[in-house]
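Following: one structure in structure tokens, then a few remarks.
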Amino acid sequence: MLSKTYINRVIDANRNRCIEGLRVVEDYLRFIKNDLTNSSTIRNIRHEISRILDFDMIGERDVKSDIGKNNFHSPYTEMDQVLRANLSRIKESLRVLEEFTRYIDTSISDQIMNIRFGFYEIEKRLLSNKDLEKIYILADIDLAKNESDLFEGLKILSDNNVRLVQLRAKKFSTKKFYELGEKIIEFFPHFKLIINDKVEVALALESYGVHVGEDELPFNVTRKLMGNKVVGATVHNVEDLRLSQVAKVDYIGVGAIYPSTTKPDCQLNGVEFLKKIRALTTTFIYAIGGINSKNARKVFDAGADGICVGSGFWYAKDRVEEIKRLIHISNEEEN
Ligand SMILES: Cc1ncc(COP(=O)(O)OP(=O)(O)O)c(N)n1
Ligand SMILES: Cc1ncsc1CCOP(=O)(O)O
Ligand SMILES: [Mg+2]
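In the UniProt record's numbering, the protein residues as written are 1 to 335.
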């Protein structure tokens, strides 16, 4: 039988290790990566660990005889090593906590196990260079008054830290579409630009990714051509979902949630369909179709991870105000 003193000592050391690791990752995401979304997810886990392990073990601390206390680490040469090292630290300490709290209270151990499993998903997301954002703007040339209005709108997005933008120009020739994409990348190199429909344009521009639907190249072929880049796929039914999973797309577009004047012929699937798809997959879901700051809350509540907004932004009386509201709603959602 393990002595309670020793068990508590292990738990105490690993609780601190875990909380310290979480704090480092949280601040790294917040201050270095400017990623408030993931930073607050990590903060929530930190609070959760403090809450679950809210019992006094200070009495069991024995720093003097702790043989590991003089361990030191060589300096990190790359900033992302800080992230990797601390993610490992968190994972390891969660595992130790799970094993040792089992001797004290199995319900605590089970809660930690759940956090550990959830943490694997978060780690995968953080280590992948495909950071999908909650706000995704459909930059459709037909929604802007003209090209200069398109660039004015993009400037507003850029000034408000919106990064994920899909370029859509249904009536443009491939060449004209390519040239517009090139210009956007030149003006806004920090955008994560997704190209609508045309895989060859996405490849030529080396854009962040491409979005394909039922009229484009099959999802699996798109994945093969795009390699490690972001591939988004439209899901109108369960068969589309299956194909999207086989192709290992990075996100799915689900809609139209509300009637859309941008794509009036699109099947209206509504919030119930979104809920149904949510229940079937953990793949990142962008809801699309008629979304604006008045209905975005409902869409997040129905399970969307992000929203793809066209006319809601481009036709807004005050675009700055609208984007600020959308950002506010998307941040509110995680608290
Ligand atoms: C995020 C997102 N979701 C869905 C769509 C629709 O794509 P698709 O079905 O290919 O229709 P078109 O946009 O090509 O008319 C999308 N573009 N983005
Ligand atoms: C491309 C697309 N697919 C389903 S609805 C839609 C258009 C979305 O634009 P809006 O936000 O203006 O309805
Ligand atoms: Mg398409």
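We treat Cβ as the ideally placed atom computed from N, Cα and C, and that holds for glycine.
Taking the Cα of residue 271 as reference, the smallest distance to any Cα among 238, 87 and 258 is reached at 258. Residue 217 is not a Cβ neighbour of residue 185, given a cutoff of 8 Å. For residue 231, the CB stays at least 7 Å from every heavy atom of ligand 2. A check of alpha carbon separations from residue 246 across 222, 260, 263 and 265 identifies 222 as the nearest.
A distance filter of 7 Å between CB atoms and the heavy atoms of ligand 3 selects the following residues in sequence order: 196, 197, 211, 212, 213, 215, 216 and 234. Judged by DSSP in its simplified three-state form, residue 209 adopts strand. Pairing residue 241 with residue 249 gives a Cβ-Cβ distance that is not under 8 Å. Here the distance from the Cβ of residue 137 to the nearest heavy atom of ligand 1 is not below 7 Å.
According to DSSP, residue 192 shares a beta bridge with 164. Distance from residue 304 to residue 286 at the Cβ level is roughly 7 Å; contact confirmed, criterion being Cβ atoms closer than 8 Å. With a threshold of 7 Å, the Cβ atom of residue 255 counts as near ligand 1, since some heavy atom of the ligand is closer than that.
Contact annotation, residue 269 with residue 256: C-beta distance approximately 6 Å; criterion of less than 8 Å satisfied. The stretch 309–319 makes contact with the stretch 139–150: 3 or more CB pairs, one atom from each, lie closer than 8 Å. One alpha carbon belongs to residue 319, the other to residue 193, and they sit about 20 Å apart.
Counting C-beta pairs closer than 8 Å gives three or more between the stretch 21–29 and the stretch 85–100, which meets the contact rule. In the pairwise beta carbon analysis, the stretch 125–141 is classified as not touching the stretch 97–107: fewer than three pairs are separated by under 8 Å. Minimum Cα-Cα distance from residue 200 among the listed residues 93, 273, 8 and 227 corresponds to 227. With a cutoff of 8 Å on beta-carbon distance, residue 49 and residue 15 are scored as near each other.
Counting only runs of at least 3 residues, the stretch 234–276 fully encloses the following beta strand (DSSP E) elements, listed from N- to C-terminal order: 251–254.
Between the stretch 32–47 and the stretch 117–125, the count of C-beta pairs closer than 8 Å reaches three or more; the two stretches touch. If you compare the alpha carbons of 85, 155, 135 and 139 with that of residue 330, the shortest gap goes to 135. For residue 239, the closest C-alpha among the options 297, 162, 147 and 214 is that of 214.
Across the structure, residue 93 and residue 133 are spaced so that their CA atoms are roughly 29 Å apart.
A Cβ-Cβ separation of about 17 Å leaves residue 243 out of contact with residue 273 under the 8 Å criterion. The straight-line gap separating the alpha-carbon atoms of residue 196 and residue 211 is approximately 5 Å. Bridge pairing for residue 308: 136 and 288 [DSSP].
Cβ-Cβ distances below 6 Å link residue 225 to 199 in the same chain, with the five nearest sequence neighbours on each side left out; the list follows chain order. A residue is called buried when at least 16 other Cβ atoms come within 10 angstroms of its Cβ; residue 316 meets this threshold and is buried. In the three-state scheme derived from DSSP, where H, G and I count as helix and E and B as strand, residue 153 is classed as helix. In this structure, the CA atom of residue 275 is about 20 Å from the CA atom of residue 293. When secondary structure is reduced to three states using DSSP, residue 227 falls in the coil class, being assigned neither helix nor strand.
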